[in-house]
Each structure stands twice: as C-alpha cells, then as structure tokens.
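Peer 1: Residue numbering for the sequence shown follows numbering that gives the first Met the number 0, beginning at 0 and increasing consecutively. Just so you know, even glycine gets a beta-carbon here, dropped at the ideal spot from N, CA and C.
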Amino acid sequence: MLVNSISLREAKASSAIENLFTTDDELYRPFNDQQSELTTEPTKEVVRYREALWTGLHFLQ
Numbered sequence: 000m001l002v003n004s005i006s007l008r009e010a011k012a013s014s015a016i017e018n019l020f021t022t023d024d025e026l027y028r029p030f031n032d033q034q035s036e037l038t039t040e041p042t043k044e045v046v047r048y049r050e051a052l053w054t055g056l057h058f059l060q
C-alpha cells in the first residue's frame with residue numbers, strides 16, 4: 000500500500016499540471032473494499048497515469 004500511495008501522489012501532482020484535479024479521498028476510494036468505483040474523470044485519469052507509471056517500471060526491469 001505504501002508504494003501505491005507514493006505512485007498515486009506522484010500521479011496526482013503530475014496531473015494537476017495538466018489541470019486535472021482530484022482529492023485524496025477520491026483516489027483511495029477504489030482501493031477500499033467498501034466501494035470500488037471511480038467517481039470523476041480526473042480521478043480516472045490519475046489512476047491511468049499511475050498504471051502507466053507501473054507499466055513503464057515493469058518494462059524497464
């Protein structure tokens with residue numbers, strides 16, 4: 000969870016440069032067992048950014 004937290008925070012900060020703003024609550028909601036849906040388009044974009052970051056990392060390894 001700690002590594003996910005770091006990559007999500009980086010994705011959130013990078014997306015803010017592109018005027019895509021979301022809250023920490025919206026970002027961590029999909030990782031909570033109680034609710035698994037992403038609510039807003041900026042939140043979806045930040046999660047996609049995180050997934051791309053992980054894909055690039057695995058590609059480099």
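Please identify the residue among 48, 58 and 55 whose C-alpha is closest to the C-alpha of residue 8.
Peer 2: Looking at the Cα atoms, 48 is the closest of the given residues.
Peer 1: Within 10 angstroms of the Cβ of residue 42, are there 16 or more other Cβ atoms? Answer buried if so, exposed if not.
Peer 2: It is buried - the Cβ of residue 42 has at least 16 other Cβ atoms within 10 Å.
Peer 1: Can the beta-carbon of residue 46 be found closer than 9 Å to that of residue 19?
Peer 2: Their beta carbons are not under 9 Å apart, which means residue 46 does not touch residue 19 by this criterion.
Peer 1: DSSP state of residue 52, grouped into three classes?
Peer 2: If DSSP states are grouped into helix, strand and coil, residue 52 belongs with the helices.
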